[in-house]
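Colleague: If you scroll down you'll find the structure; I have some questions about it.
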Amino acid sequence: MSLRSRLRAADAVSIGTAGIRARRTRSILSALGIAIAIAALVAVQGVAESSKRQLLDELGRQGNLLTVATGQTFDGRPTPLPLTAQAMIARIPPVLATTAVGNIDGATVRRTDRIPPQNTNGIIVLAAQPSLPATLSARMLRGSYLGAVAEQYPETVLGYSAARSLGIDRLDAQTQVFIAGRYFTVIGVLDRVDVAPEIDTAALVSFGVADRWFGLGGVPTRIYLRVHPDRVAAVAAVLGPTAYPENPRNVQVQRPSDLIVARLQAKNAFVGLFLALGAIALLIAGVGIANIMVISVLERRAEIGLRRALGARRRDVAAQFLLESALLAVVGGLAGLGLGCLATLVAARLAGNPTAIPPKTLLAGLAAALLVGTLAGLYPAARAARLPPADALRTL
Amino acid sequence: MTAALELRGVAKTYPPPTTVTALSDVDLTVTAGETVAVTGASGAGKSTLLSILGTLERPTAGTVRIAGTDTSTMSDPQLSAVRAWHIGFVFQQFFLLDHLTVLDNVATGLVYRGMPATARREHATRALERVGLADRMRHRPAQLSGGERQRVAIARAVAGRPAVLLADEPTGNLDTANGREIVRLLASLGDTTVVLITHNAAVAEAMARRIRLEDGRIVDDSGGAA
């Protein structure tokens, strides 16, 4: 008797899928649990990755921006930089562009002179140069930026938050604000500037107007500069002595993109939490599959007995149920990947971010589904294989 | 004549909590090509005898030889091979798989021999022709009558031409006419050794040899060649 009992791989797969096909509704519902969990995991990763991609793009664009300012006075007002600072900084070879702003102390911005002066809305007034939008990569939301006319006449451009605080959502020739005792025509509104939040809450006027009416004298309080991307650290090291040779230690050099790095780190922390929740959902779905498979083994005792009578080895019976469980999970996993990608696409579209789904995430999702399905099938498969054939056939 | 099946001093006692002695000290030799009916009251040990002959259960004592080979030291895969190649089973409840066609149900009988699907279907087609169901191959079991279903089960059992066919009350769920047809079919299998359990005296009479069990012992053995 040298003949062997043997099951071909193709037949094992066919037998494994037969149980799924024979109980369609139950199979779909079991796979749905896995699909939802995998979709959640993929969507969490995808949405986070998409918004990270947007931040990283921003970081790439803004990583070479530096700001130079001095300390603040006791009442929180910025102290001025030397008049020559901007010109000196512009002479450092890797510096590509500079722009300066000057803080106009005590100036308030109101919608009309009827508004009490105490209602400042936290809006500051800054003198700004024509090079500001280009240097900060700032876009105009409405209207245009300060031009030659603004050097002579009372015109202003509002930052994004300042315009919102003042309730200005459209511009016409009559749109004016009341700045330090004088009406200024609002000629433009800037879009949000992520790397220079102080611009968002400011009303910008030209240095010409600031000198004439507020006596600023052309003195800058903050200088923004774009540097060759490979030389950022080297330039930052010499900015203090260049800007303020007499008192270099009084100069604060900042890299605004650090803000973006902090936001990236905050996002990573949340992703960890949501991934943990997704993993718990996957675990619950796995327990659901294990439960269904145990019930399936109980219901199919007669089939198990019959297969053993036909010559199935214990391992063939185990493989049948293990395969069935793993296939259920993989089918659910594939559906979950599709759902997760769709959710990511919709979420990224709504948030205006680029869509980014790392291939690693898709592979990991499928592997996780396969692992959970296999683990869920282990106990039911062992139980089916251990069933004594004669007992299984006495079921009815 | 060679012995197709041979039991020597076979006993079977089920472990607690039941602790039932189903068989005690059974000696039985079935020669190749013999047709044997096993009768006896409920609980006499008929099904246990059939399970032990079919290697679905191991005896607590004694030896079981199939085609001269002792099965007591065989592993699970070896016993499975014996069932796949040497023994066909027919059950009272048919045990057909509802989601498969009649043809595929019969072909499933050969799947654990590692036979390719096309060869399985060829064997299954011939077996279905032998049992007179060539026109029912594409049907599902649910579309067949009880008698037809049992003929499908017999086709599944004999598709691989096993040396031994073991049938546990094959006519138990059938009316007299269908029962008679099944018995005629089993008696016409030629050189296949048939052991069948029955409560029906007419079915038992159709077999060449009749064995009666009482309380796990053979109390009557008539019509045998030996």
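Chains A and B, in that order, give the protein sequences. Just remember that my numbering sits 693 ahead of the position in the first sequence, which is counted from 1. Just remember that my numbering sits 3 ahead of the position in the second sequence, which is counted from 1. A virtual CB, placed ideally from N, CA and C, is assigned to each residue, including glycine.
#1: At the 8 Å Cβ level, is LEU1055(A) part of the contact set with chain B, yes or no?
#2: So, helix, strand or coil for THR878(A), using DSSP?
#3: May I ask you to report which of helix, strand or coil DSSP gives VAL222(B)?
#4: Tell me the start and end of each unbroken beta strand (DSSP E) in the stretch 704 to 735 of chain A that is at least 3 residues and wholly inside, in chain order.
#5: Figure out for me which residue from LYS49(B), THR16(B), VAL39(B) and ALA180(B) has the closest Cα to the Cα of GLU151(B).
#6: I'd like the list of long-range same chain contacts for ARG1001(A), defined as Cβ closer than 6 Å, with 5 residues on each side in sequence excluded.
#7: Select from ASP862(A), ALA1074(A), ALA705(A) and GLN738(A) the residue whose C-alpha is nearest the C-alpha of ARG993(A).
#8: Taking one C-beta from the stretch 1064 to 1073 of chain A and one from the stretch 983 to 992 of chain A each time, how about it: are there three or more such pairs within less than 8 Å?
#9: So with CB distances below 9 Å, who are the chain A contacts of THR111(B)?
#10: Interface residues of chain C around HIS102(B) at Cβ under 8 Å?
#11: Who are the Cβ neighbours of GLY971(A) in its own chain at under 7 Å, not counting the five residues just before and after it?
#12: Cutting at 6 Å between CB atoms, please list the residues of its own chain near LEU1089(A), excluding the five before and the five after it.
#13: Ends of the beta strand (DSSP E) at SER899(A)?
#14: What is the rounded straight-line gap between the Cα of VAL85(B) and the Cα of ARG123(B)?
#15: Just grab the DSSP bridge partners of THR38(B) for me.
#16: So for SER2(B), helix, strand or coil by DSSP?
#17: Using 10 angstroms around the beta-carbon of PHE963(A), count the other beta-carbons present and answer buried if the total reaches 16, otherwise exposed.
#18: Between ILE713(A) and the rest of its own chain, which residues show a CB-CB distance below 7 Å, the 5 nearest in sequence each way excluded?
#19: Please report the straight-line C-alpha distance between THR201(B) and THR174(B), rounded to a whole angstrom.
#20: Along the chain, where does the beta strand (DSSP E) containing GLN765(A) start, and where does it finish?
#21: Whole angstroms is fine: what's the gap from ALA969(A)'s alpha carbon to GLN958(A)'s?
#22: What's the call for GLN811(A), buried or exposed, on a 16-neighbour Cβ count within 10 Å?
#23: So, using beta-carbon positions, are GLY1004(A) and ALA1085(A) closer together than 8 Å?
#24: How long is the line joining the alpha carbons of LEU911(A) and ALA873(A), rounded to whole angstroms?
#25: So with Cβ pairs under 8 Å, would you call LEU696(A) a contact of chain B?
#26: If you run the structure through DSSP and keep just helix, strand and coil, what is ALA943(A)?
#27: Count the other CB atoms within 10 Å of the CB of ASN757(A); is the residue buried (16 or more) or exposed (fewer)?
#28: Taking just the CA atoms, how far does ALA211(B) sit from ALA229(B)?
#29: Which residues bound the alpha helix (DSSP H) around GLY1031(A)?
#30: Apart from the five residues just before and just after VAL886(A), which ones in its own chain have a Cβ nearer than 7 Å to its Cβ?
#31: Within 8 Å of any Cβ in chain B, is that where the Cβ of LEU1089(A) sits?
#32: Any chance you could list the beta strand (DSSP E) runs of at least 3 consecutive residues sitting entirely within the stretch 753 to 834 of chain A, in chain order?
#33: Does the beta carbon of ALA229(B) come closer than 8 Å to any beta carbon on chain A?
#34: Quick one: give me the first and last residue of the alpha helix (DSSP H) that VAL134(B) is part of.
#35: Could you round the C-beta distance between ALA1093(A) and THR1048(A) to whole angstroms and report it? I think they count as a contact, below 8 Å.
#36: For LEU1089(A), which three-state DSSP category applies?
Modeller: Let's see:
#1: Within the first sequence, numbered from 1, the residue matching residue 1055(A) stands at position 362. Chain B, which has no Cβ nearer than 8 Å to the Cβ of LEU1055(A), makes this no.
#2: The count along the first sequence starts at 1 and reaches residue 878(A) at position 185. In the three-state reduction of the DSSP assignment, THR878(A) falls in the strand class, which pools E and B.
#3: Against the second sequence, residue 222(B) aligns to sequence position 219. In the three-state reduction of the DSSP assignment, VAL222(B) falls in the strand class.
#4: The qualifying runs do not exist here; there are none.
#5: Here residue 151(B) is taken as the residue at index 148 of the second sequence, counted from 1. Measuring from the Cα of GLU151(B), the nearest candidate turns out to be ALA180(B).
#6: On the first sequence, residue 1001(A) is found 308 positions in, with the first residue counted as 1. So the qualifying residues of the chain are PRO1082.
#7: Within the first sequence, numbered from 1, the residue matching residue 993(A) stands at position 300. It is ALA1074(A).
#8: The stretch 1064 to 1073 of chain A is in contact with the stretch 983 to 992 of chain A.
#9: For the purposes of this step, residue 111(B) is identified with residue 108 of the second sequence, where counting begins at 1. Against THR111(B), the close residues of chain A are ILE708, LEU999, ARG1000 and LEU1003, in the order they occur along the chain (beta-carbon pairs closer than 9 Å).
#10: Annotation note: the requested chain C is absent from the structure, which comprises protein chains A and B.
#11: What you label residue 971(A) is simply residue 278 of the first sequence in a count that begins at 1. The answer, listed in chain order, is ALA730, ALA733, LEU734 and VAL737.
#12: Start at 1 with the first residue of the first sequence, and residue 1089(A) comes out as number 396. Only weak support is given to the placement of LEU1089(A): the predicted model assigns it a pLDDT of 49, under 50, and the question is left unresolved by the model.
#13: Taking the first residue of the first sequence as position 1, residue 899(A) is located at position 206. Counting along the chain, SER899(A) sits inside the beta strand (DSSP E) bounded by residues 895 to 899.
#14: Looking up residue 85(B) in the second sequence gives position 82. Looking up residue 123(B) in the second sequence gives position 120. Approximately 18 Å, taken between the alpha carbons.
#15: Taking the first residue of the second sequence as 1, we reach residue 38(B) at position 35. VAL197(B), per the DSSP bridge assignment.
#16: It is not possible to answer for residue 2(B), since the shown part of chain B is limited to 4 through 229.
#17: In the first sequence, counting from the first residue as 1, residue 963(A) sits at position 270. Under this definition PHE963(A) is an exposed residue.
#18: As a working note, residue 713(A) is residue 20 in the first sequence. Same-chain partners within the cutoff: SER720, GLU1017, LEU1020 and LEU1021.
#19: Numbered from its first residue, the second sequence carries residue 201(B) at position 198. Numbered from its first residue, the second sequence carries residue 174(B) at position 171. Looking at the backbone, the Cα of THR201(B) and that of THR174(B) are separated by about 8 Å.
#20: Mapped onto the first sequence, residue 765(A) falls at position 72. No beta strand (DSSP E) contains GLN765(A), which DSSP labels as neither H nor E.
#21: Taking the first sequence and counting its residues from 1, the one referred to as residue 969(A) is at position 276. Taking the first sequence and counting its residues from 1, the one referred to as residue 958(A) is at position 265. Rounded to the nearest angstrom, the two C-alpha atoms are 17 Å apart.
#22: As a working note, residue 811(A) is residue 118 in the first sequence. With fewer than 16 neighbouring CB atoms inside 10 Å of its own CB, GLN811(A) falls in the exposed class.
#23: Mapped onto the first sequence, residue 1004(A) falls at position 311. Mapped onto the first sequence, residue 1085(A) falls at position 392. Not closer than 8 Å, so no.
#24: By one-based count along the first sequence, residue 911(A) stands at place 218. By one-based count along the first sequence, residue 873(A) stands at place 180. Note on identity: in this sequence residue 911(A) is Gly, with Leu being the wrong assignment. Distance between the alpha carbons of GLY911(A) and ALA873(A) is about 18 Å.
#25: In the first sequence, the residue the question calls residue 696(A) occupies position 3. Closer than 8 Å to some Cβ of chain B, the Cβ of LEU696(A) qualifies, so yes.
#26: Position 250 of the first sequence, counted from the first residue, corresponds to residue 943(A). Per the sequence shown, the amino acid found at residue 943(A) is Asn instead of Ala. It is helical.
#27: Here residue 757(A) is taken as the residue at index 64 of the first sequence, counted from 1. Counting Cβ neighbours within 10 Å, ASN757(A) comes out buried, since at least 16 surround it.
#28: Counted from its first residue, the second sequence places residue 229(B) at position 226. Counted from its first residue, the second sequence places residue 211(B) at position 208. For ALA229(B), the predicted model reports a pLDDT of 49, less than 50, meaning its position is unreliable; a value from the coordinates is still stated below. Spanning the two alpha carbons is a distance of roughly 12 Å.
#29: The count along the first sequence starts at 1 and reaches residue 1031(A) at position 338. Unbroken alpha helix (DSSP H) run through GLY1031(A): 1007 to 1044.
#30: Along the first sequence, read from residue 1 onward, the residue named residue 886(A) stands at position 193. Counting only Cβ-Cβ distances below 7 Å, and skipping sequence neighbours, we find LEU829, ALA831, ILE892 and ASP893.
#31: As a first step, residue 1089(A) is located in the first sequence; it is residue number 396 there, counting from the start. Residue confidence is low: LEU1089(A) scores 49 on pLDDT, short of 50, so the model does not pin down where it sits. Its coordinate-derived value is still stated next. Judged by the 8 Å Cβ criterion, LEU1089(A) is in contact with chain B.
#32: Runs of beta strand (DSSP E) with 3 or more residues, each lying fully within the stretch 753 to 834 of chain A, are found at 758 to 763, 788 to 796 and 817 to 821, listed in chain order.
#33: If you number the second sequence from 1, residue 229(B) lands on position 226. Below a pLDDT of 50, predicted positions are generally treated as unreliable, and ALA229(B), at 49, falls in that range; the measurement from the model is reported next regardless. Contact of ALA229(B) with chain A is not assigned, every C-beta pair being separated by 8 Å or more.
#34: Here residue 134(B) refers to the residue found at position 131 of the second sequence. Careful: VAL134(B) lies outside any alpha helix (DSSP H) and carries neither H nor E.
#35: Since the first residue shown for chain A is 694 and the last is 1089, residue 1093(A) is missing from the structure and cannot be characterised.
#36: In the first sequence, counting from the first residue as 1, residue 1089(A) sits at position 396. Annotation note: pLDDT 49 at LEU1089(A) (below 50); position unreliable, coordinate value reported separately. Here LEU1089(A) sits in coil by DSSP.
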